[in-house]
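Number of protein chains: 2
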Amino acid sequence: MNVTLSEVSPRDGLQPIKQFVPTETKIALVRALHAAGIRRMEVGSFVSPKAIPQMADTGEVLQAAKQLDGLECTVLVPNRRGFDAAIAAGADRLGLFMSLTEGHNQANLNRSRQASFDDLSSIVRDAPPGQKIRFNLSCTFHCPFEGVVDEAEALSWVERVAALNPEMEISLCDTTGNAAPDQVRRLMRQAIEHFGNRFAYHGHDTYGLGLANMAAAWEAGCRVFDAGSGGIGGCPYAPGATGNTAMEDAVWMFHRMGVETGVNWQRLLEAADLAAGIAGAMPGGRVRGVPGARAAA
Amino acid sequence: MNVTLSEVSPRDGLQPIKQFVPTETKIALVRALHAAGIRRMEVGSFVSPKAIPQMADTGEVLQAAKQLDGLECTVLVPNRRGFDAAIAAGADRLGLFMSLTEGHNQANLNRSRQASFDDLSSIVRDAPPGQKIRFNLSCTFHCPFEGVVDEAEALSWVERVAALNPEMEISLCDTTGNAAPDQVRRLMRQAIEHFGNRFAYHGHDTYGLGLANMAAAWEAGCRVFDAGSGGIGGCPYAPGATGNTAMEDAVWMFHRMGVETGVNWQRLLEAADLAAGIAGAMPGGRVRGVPGARAAA
């Protein structure tokens with residue numbers, strides 16, 4: 019493959035749904051995505067079930083996902099307790115996260131960036147040798163509280179994170195969907211130039227810029243992308259807020275660019291339809307509704 | 019302004035509507051777009067009213083549009099008769115068009131590319147000195163009959179067109195919405211490098227790639243873009259076929275990129291709502307439905 023696509027609907031797409039999605043539905047989605055050729059997936063989060071009941075069954079979903087051939091399973095790890103649980107459960111990759119902006123880190127994680135960074139640093143340090151880690155930097159480009167992020171400020175945090183571990187994957191995340199293509203291209207290019215080609219891009223399609231930003235990150239050299247089948251996600255309390263850039267939109271674009279994804283188009287549409295049909299899910303994305311795209315081989 | 023946005027909904031967006039859109043509605047749309055700060059517009063087509071009844075009142079719409087301060091009015095000119103009519107009516111810019119692929123030119127214009135090129139060449143030659151001309155090359159990237167267009171083939175036609183007149187603007191048109199960002203970037207970059215920075219990009223959003231392709235053309239140096247307010251257009255017989263990339267989506271992206279458009283955001287939304295609400299129009303685009311975008315200044 020020329021690109022690594024990491025599917026995030028089982029975690030990022032389902033998490034906002036209020037009613038509990040049955041574990042068997044989650045596992046069916048994971049299996050459908052794997053059957054479509056997806057080989058990396060964020061399957062859940064080892065977070066407190068009190069804080070996010072929807073993720074209470076991450077252990078079970080992970081065990082089912084680990085049965086699937088060649089699937090690399092990521093779980094989110096918010097803290098030391100989640101870290102211990104993820105290691106014990108045999109997660110292939112740990113997904114750490116903090117916000118690049120103080121305002122969003124405080125609102126989302128209820129602590130300072132420095133406190134988050136210190137804790138995550140110790141987790142990175144204590145991870146077993148060879149353990150794969152993804153460090154997600156939320157609001158790398160735009161923050162709902164602070165607006166457009168200064169690029170030098172963003173790069174300085176990227177530098178701190180990069181110094182923790184030379185092997186670690188780092189994701190530049192457009193959490194609000196309000197990044198701009200030129201901004202993504204510049205920052206991604208500088209990040210790769212200074213800290214090696216180990217960056218991922220995670221974007222949302224809130225303002226219709228999901229693919230434009232993804233294409234910009236690709237052009238800057240990025241080769242790992244998050245996307246969510248069915249484009250599910252968003253926030254039930256913010257009409258118009260959308261989920262991740264739809265995996266099927268991303269795959270359509272990459273296939274048109276001649277990039278090998280390893281994904282079977284028709285099977286991906288089946289998985290995306292499955293995701294979009296989950297009770298309470300808020301679907302997004304574009305090509306799923308375009309007859310000319312649905313009919314394609 | 020750092021970019022020239024050419025509004026195409028009054029022509030490209032209204033043309034597919036079966037029932038006749040009243041002339042006063044067309045003029046109201048043109049005025050609303052001008053009030054939003056749009057300063058270039060494709061207002062109609064001097065085509066046979068038998069062939070396209072919707073454009074029968076282009077003369078009247080053009081006269082009303084010419085009253086508006088600083089508005090450059092383009093009319094499409096399919097042939098010598100349309101050329102004479104456009105010159106007599108005082109159109110600011112003539113919009114010539116042919117397809118880059120033989121299959122689409124035959125299907126759309128019922129003649130060979132060579133025959134179209136020869137006729138348009140004579141029109142370019144006979145245009146009054148200083149007359150502004152836009153030469154539109156349909157299906158520059160992808161053809162519904164021939165698939166992806168070979169880039170060397172595309173460039174060879176661009177070269178022939180460029181040689182007709184060194185001042186003439188040339189538009190590379192993604193007629194099917196199936197161009198890919200890397201393809202747009204490469205071709206636009208080469209066109210500008212070899213034939214000067216006088217290219218425009220015209221795209222459709224059929225597969226959700228409208229903004230991605232526009233951003234790619236911008237990055238390649240293109241500074242003139244077509245877009246249609248309300249994203250209206252498409253084909254009533256092809257569900258899912260969509261119109262031009264929405265002007266409001268384009269403006270949202272350019273404003274996020276810090277590019278001055280001269281457009282007033284809230285007034286543009288008003289004009290886009292007006293376009294989208296025209297009886298029979300098939301609206302498209304994204305940000306018009308996003309509360310966070312609608313509320314922006």
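As given, the protein sequences belong to chains A and B, one line each in that order.
Residue 130 in my numbering sits at position 112 of the first sequence, with consecutive numbering throughout.
Residue 198 in my numbering sits at position 180 of the second sequence, with consecutive numbering throughout.
For every residue, glycine included, the Cβ atom is placed at its ideal position computed from N, Cα and C.
Rounded to whole angstroms, what is the Cα-Cα separation between residue i and residue j?
i	j	result
A/P301	A/G261	8 angstroms
A/L173	A/N126	21 angstroms
A/V179	A/L51	31 angstroms
A/D291	B/E211	44 angstroms
B/G252	B/I35	9 angstroms
A/Q37	A/E60	20 angstroms
B/G280	B/G239	19 angstroms
B/E169	A/R207	26 angstroms
B/P67	B/D30	15 angstroms
A/F163	A/S156	13 angstroms
A/T193	A/P147	30 angstroms
B/A299	A/W283	31 angstroms
A/L8	B/L229	There is simply no residue 8 of chain A to check, as chain A begins at 19 and stops at 315 in what is shown.
A/A297	A/S139	38 angstroms
A/K150	A/D144	12 angstroms
A/A53	A/L47	10 angstroms
A/F159	B/I141	49 angstroms
B/D366	B/R98	Residue 366 of chain B lies beyond the range of chain B shown here (19 to 315); nothing can be said about it.
B/C191	A/A313	24 angstroms
A/A294	A/I45	15 angstroms
A/V176	A/E185	14 angstroms
B/P28	B/S189	18 angstroms
A/V65	A/A104	10 angstroms
B/G248	B/H273	18 angstroms
A/N20	A/G62	26 angstroms
For residue i, report the span of its alpha helix (DSSP H) as first-last.
i	result
A/E169	169 to 180
A/D267	265 to 274
B/I45	41 to 53
A/G100	98 to 107
B/M300	Note, B/M300: premise wrong, no alpha helix (DSSP H); not H, not E.
B/F213	199 to 213
A/T76	76 to 84
B/D136	131 to 144
B/E278	No alpha helix (DSSP H) holds B/E278; DSSP gives it neither H nor E.
A/E288	283 to 294
A/E237	228 to 237
A/A218	Segment 217 to 221 is the beta strand (DSSP E) holding A/A218; no alpha helix (DSSP H) there.
A/N123	120 to 127
Along chain B, in chain order, which residues have C-beta atoms closer than 8 angstroms to that of residue i?
i	result
A/P34	What A/P34 touches in chain B: nothing, since even the nearest Cβ is about 16 angstroms away.
From which residue to which residue does the beta strand (DSSP E) around residue i run?
i	result
B/N154	150 to 156
B/F13	The question about residue 13 of chain B has no answer here: the residues shown for chain B are numbered 19 through 315.
B/E187	187 to 192
B/G90	Correcting the residue identity first, residue 90 of chain B is Glu in this sequence and not Gly. B/E90 -> beta strand (DSSP E) spans 90 to 94.
A/G62	58 to 63
A/A245	242 to 245
B/L23	22 to 25
Below 7 angstroms on C-beta distance, what does residue i contact in chain B?
i	result
A/V281	What A/V281 touches in chain B: nothing, since even the nearest Cβ is about 16 angstroms away.
A/D267	G226
Output, in chain order, the set of chain B residues within a Cβ distance shorter than 9 angstroms of residue i.
i	result
A/M19	Per Cβ cutoff of 9 angstroms: no residues; A/M19 is ~17 angstroms from chain B at best.
A/M271	A198, P199, Y225, G226, L227, A230
A/D137	Neighbours of A/D137 on chain B: none; closest Cβ ~32 angstroms, over 9 angstroms.
Output, in chain order, the set of chain A residues within a Cβ distance shorter than 9 angstroms of residue i.
i	result
B/M275	A198, P199, D200, Q201
B/D192	Chain A residues near B/D192: none, gap ~11 angstroms exceeds 9 angstroms.
Note down, in chain order, every chain A residue with its Cβ under 8 angstroms from the Cβ of residue i.
i	result
B/D244	Those do not exist, as B/D244 stays about 17 angstroms from chain A at its closest Cβ, beyond 8 angstroms.
Residues of chain A with a CB under 7 angstroms from the CB of residue i: which are they?
i	result
B/A311	Y225
Under 9 angstroms, Cβ to Cβ, is there at least one residue of chain E near residue i?
i	result
B/A289	This model lacks chain E altogether; the protein chains it does include are A and B.
For this session: May I ask you to verify whether the region 111 to 120 of chain B touches the region 79 to 94 of chain B, counting CB pairs closer than 8 angstroms and requiring at least 3?
Result: yes
Exercise. At a Cβ cut of 7 angstroms, what residues of the region 164 to 185 of chain B count as close to chain A, listed as they run along the chain?
Worked result: none
Problem set entry | Proximal residues, the region 218 to 236 of chain B versus chain A, C-beta separation under 7 angstroms | T224, Y225, G226, L227, L229, A230, A233, A234
Exercise. For the 8 angstroms Cβ check, are there 3 or more pairs between the region 80 to 88 of chain A and the region 114 to 123 of chain A?
Worked result: no
Exercise. Using a beta-carbon distance cut-off of less than 7 angstroms, what residues from the region 277 to 305 of chain A approach chain B?
Worked result: R304, V305
Problem set entry | Inter-stretch contact (C-beta, 8 angstroms, three-pair minimum) for the region 283 to 298 of chain A and the region 231 to 244 of chain A | no
For this session: Decide if the region 21 to 34 of chain A is in contact with the region 239 to 253 of chain A; the criterion is three or more beta carbon pairs, one per stretch, under 8 angstroms apart.
Result: yes
Exercise. Touching or not, the region 266 to 278 of chain B and the region 294 to 310 of chain A, by the rule of three or more beta carbon pairs under 8 angstroms?
Worked result: no
Exercise. Counting pairs of Cβ atoms below 8 angstroms between the region 123 to 138 of chain A and the region 62 to 80 of chain A, do you hit three or more?
Worked result: no
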